[in-house]
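So for the sequence shown, this note's numbering puts the first residue at 44; every next one is plus one. Every residue, glycine too, gets a C-beta built ideally from N, C-alpha and C. These notes are about the structure you will find just below.
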Amino acid sequence: MNLKEANAALLLSAHYDELTGLPNRTLLSDRMQQAMIKCQRNKQSMAVAFIDLDGFKWINDSYGHSVGDQFLRLITQKLKQSLREGDTLARIGGDEFVAVIDELGLPEDAHKVLWRLLEAAANELNINGNRLKTTASIGVTFYPENNCSPDQLLRSADQAMYKAKQLGKDCWHIFDIQEDVAVKSKIEEIERIRLALYNEEFVLFYQPKIDLRSKQLIGMEALIRWNHPEQGILPPVAFLPIIEHDLLSIELGEWVIHTALEQLECWRSSSLEVPISVNISPMQLQSSDFVSRLEHMLNKFPSRNLNNLEFEILESSALEDIDLATEVINLCKKLGVKFSIDDFGTGYSSLAYLRRLPINLLKIDREFVFDMLSRTQDSIIINSTIALAHNLRLQVVAEGVEDKATLRRLRKMGCDYAQGYTICKPKTWPEIETWLEESPEFFT
Ligand code: C2E
Ligand code: MG
Ligand code: MG
44 MNLKEANAAL LLSAHYDELT GLPNRTLLSD RMQQAMIKCQ RNKQSMAVAF IDLDGFKWIN
104 DSYGHSVGDQ FLRLITQKLK QSLREGDTLA RIGGDEFVAV IDELGLPEDA HKVLWRLLEA
164 AANELNINGN RLKTTASIGV TFYPENNCSP DQLLRSADQA MYKAKQLGKD CWHIFDIQED
224 VAVKSKIEEI ERIRLALYNE EFVLFYQPKI DLRSKQLIGM EALIRWNHPE QGILPPVAFL
284 PIIEHDLLSI ELGEWVIHTA LEQLECWRSS SLEVPISVNI SPMQLQSSDF VSRLEHMLNK
344 FPSRNLNNLE FEILESSALE DIDLATEVIN LCKKLGVKFS IDDFGTGYSS LAYLRRLPIN
404 LLKIDREFVF DMLSRTQDSI IINSTIALAH NLRLQVVAEG VEDKATLRRL RKMGCDYAQG
464 YTICKPKTWP EIETWLEESP EFFT
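This is the structure in structure tokens:
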């Protein structure tokens with residue numbers, strides 16, 4: 044081989060796949076770039092189809108690599124035949140191929156070719172007397188509809204191919220740009236919240252709860268706020284739903300418990316003994332190491348101020364796995380932590396679970412409290428809930444009490460405790476201190 048021939052061979056091996064003679068990843072990238080320029084010039088579209096053979100690994104493992112190689116060579120021919128002159132077919136991995144289908148007037152014009160590719164991949168092939176067959180899962184993305192680099196186009200098509208596999212294989216699936224944008228922006232939002240936790244941008248507000256008979260303060264609910272550097276104080280609805288299904292919600296929940304414990308410690312040193320109730324998210328309650336992590340946190344506080352820590356859980360999170368919830372509540376109770384069911388009445392309110400769960404308290408949802416004076420239905424529901432709770436030896440808190448008349452009515456109904464704007468809005472600790480000093484008159 045002379046130098047010229049050797050150079051040509053080298054060039055060939057740098058751009059072509061040895062087994063099938065198809066362009067490799069490097070040449071594919073080149074071809075895609077050219078096709079993209081052509082698309083822009085002619086105002087046309089092109090499709091990038093990521094083809095993965097279903098079940099090829101089984102052929103390779105069962106019949107050996109030599110049969111596998113022959114299979115790939117033959118299937119390459121079939122795939123090529125289903126493409127048009129000028130389209131590119133490349134091999135970029137073991138059983139992974141990419142077809143670039145350009146000069147499309149409309150993206151839909153590629154559908155015929157995609158069906159043909161599926162058919163081609165599903166051909167039964169005879170190799171050394173063995174009748175072998177695979178199918179293909181194809182992921183597709185279109186340029187310039189998906190306006191990005193060749194590399195990113197391949198990644199999008201690859202992602203769509205995985206979706207095709209999930210959808211049962213032997214099919215093609217088109218990459219969903221909108222869904223991808225939504226997923227990416229959600230990831231960014233979650234990361235921003237993680238950063239906020241790291242930067243200590245979260246704060247706890249406290250809202251007092253009072254005893255309707257003695258008018259004494261009986262506890263505070265810790266309510267999280269995001270002190271956003273640009274947007275100011277944000278309520279939980281602005282960020283908790285975003286991380287609801289992410290592990291970050293557990294981390295943030297632990298921060299809330301930890302901060303509440305610090306606050307209790309601080310109150311203790313100024314001889315204020317008020318329980319704090321903390322809202323626990325469903326994911327946190329159901330996390331496998333909830334109790335052991337709680338114990339670990341408690342051990343950092345020498346006084347183990349446990350009798351003053353309470354948890355509020357939602358009906359729905361208790362009901363999702365009632366056995367687990369019962370176990371967790373029992374373990375926490377042993378540590379001294381009390382439980383209440385929050386937003387009671389908005390879930391299933393099944394009596395069977397109420398009887399089983401070892402809770403101490405029910406919080407009647409504010410939905411029923413707002414208009415109880417004008418809506419008989421709501422007042423009936425509240426009356427029945429109080430009776431039911433007391434029969435089950437549970438105490439009742441009414442939340443969202445916005446006026447004195449409602450407060451008086453609740454007391455007459457026998458409701459034990461109340462919480463709401465008419466008593467005190469959720470405030471920062473220094474503001475609550477002022478509120479305590481002013482010792483407000485609740486009933487006039
Ligand atoms: P929730 O536990 O039912 O808390 C009561 C909500 O009612 C609070 O809203 C409180 O500010 C509001 N509220 C209290 N009194 C009144 C009133 O008289 N009128 C009206 N209209 N509203 C009143 P917030 O602070 O926006 O919290 C909303 C929800 O976010 C909470 O509902 C709770 O489920 C959740 N949340 C708050 N902090 C945390 C937390 O640290 N962890 C978890 N997992 N969830 C939290
Ligand atoms: Mg609550
Ligand atoms: Mg509530």
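Per DSSP, what are the beta-bridge partners of residue i in this structure?
i, result
"histidine 216", "Gly182"
"histidine 271", "Gly275"
"methionine 531", "Summary: the structure shown does not reach residue 531, with the chain confined to residues 44 through 487, and so no result is reported for it."
"serine 383", "Glu355 and Leu404"
"leucine 266", "Phe248"
"valine 141", "Phe93 and Ala133"
"lysine 470", "Tyr249"
"leucine 161", "DSSP lists no partner for leucine 161."
"leucine 260", "Ile253"
Return the first residue and the last residue of the beta strand (DSSP E) that residue i is part of.
i, result
"asparagine 488", "Here the chain covers residues 44 to 487 and nothing more, so residue 488 does not appear."
"leucine 149", "Where leucine 149 is concerned, there is no enclosing beta strand (DSSP E), given that its DSSP letter is neither H nor E."
"leucine 168", "168 to 170"
"arginine 174", "173 to 175"
In the structure shown, what three-state DSSP assignment does residue i receive?
i, result
"glutamine 462", "coil"
"glycine 111", "helix"
"glutamine 250", "strand"
"lysine 455", "helix"
"leucine 196", "helix"
"valine 280", "helix"
"threonine 449", "helix"
"asparagine 190", "coil"
"glutamate 231", "helix"
"alanine 51", "helix"
"valine 224", "helix"
"threonine 389", "coil"
"arginine 116", "helix"
"valine 444", "coil"
Taking the alpha helix (DSSP H) that residue i belongs to, which residues open and close that run?
i, result
"histidine 301", "291 to 312"
"asparagine 45", "It is not in any alpha helix (DSSP H) - asparagine 45 carries neither H nor E in the DSSP assignment."
"asparagine 242", "Careful: asparagine 242 lies outside any alpha helix (DSSP H) and carries neither H nor E."
"aspartate 366", "365 to 378"
"tyrosine 396", "394 to 399"
"valine 412", "409 to 413"
"proline 284", "283 to 286"
If I'm right that residue i touches residue j with Cβ under 8 Å, what's the distance once you round it to whole angstroms?
i, j, result
"serine 125", "valine 91", "That pair is no contact at about 16 Å."
"asparagine 342", "proline 318", "That belief does not hold up - the Cβ atoms of asparagine 342 and proline 318 are roughly 20 Å apart, past 8 Å."
"phenylalanine 93", "aspartate 201", "5 Å"
"valine 334", "valine 371", "6 Å"
"arginine 116", "threonine 69", "No, arginine 116 and threonine 69 are not in contact; Cβ-Cβ is about 21 Å, not under 8 Å."
"glycine 443", "valine 412", "5 Å"
"aspartate 386", "leucine 357", "6 Å"
"isoleucine 267", "leucine 238", "Between leucine 238 and isoleucine 267 the Cβ distance is about 16 Å, and since that is not below 8 Å, they are no contact."
"glutamate 363", "proline 401", "Incorrect: roughly 17 Å between the Cβ atoms, too far for contact."
"isoleucine 323", "isoleucine 285", "About 18 Å separates the two Cβ atoms, so there is no contact after all."
"leucine 437", "leucine 479", "Between leucine 479 and leucine 437 the Cβ distance is about 28 Å, and since that is not below 8 Å, they are no contact."
* Which whole runs of the alpha helix (DSSP H) in the stretch 54 to 87 are 4 residues long or more, in chain order? -> 68 to 85
* Let me know the alpha helix (DSSP H) ranges lying completely inside the stretch 416 to 442, each 4 residues or longer, listed in chain order. => 419 to 434
* Asked: What are the uninterrupted segments assigned as alpha helix (DSSP H) that are 4 or more residues long and contained completely in the stretch 315 to 345, given in chain order?
  -> 325 to 329 and 333 to 341
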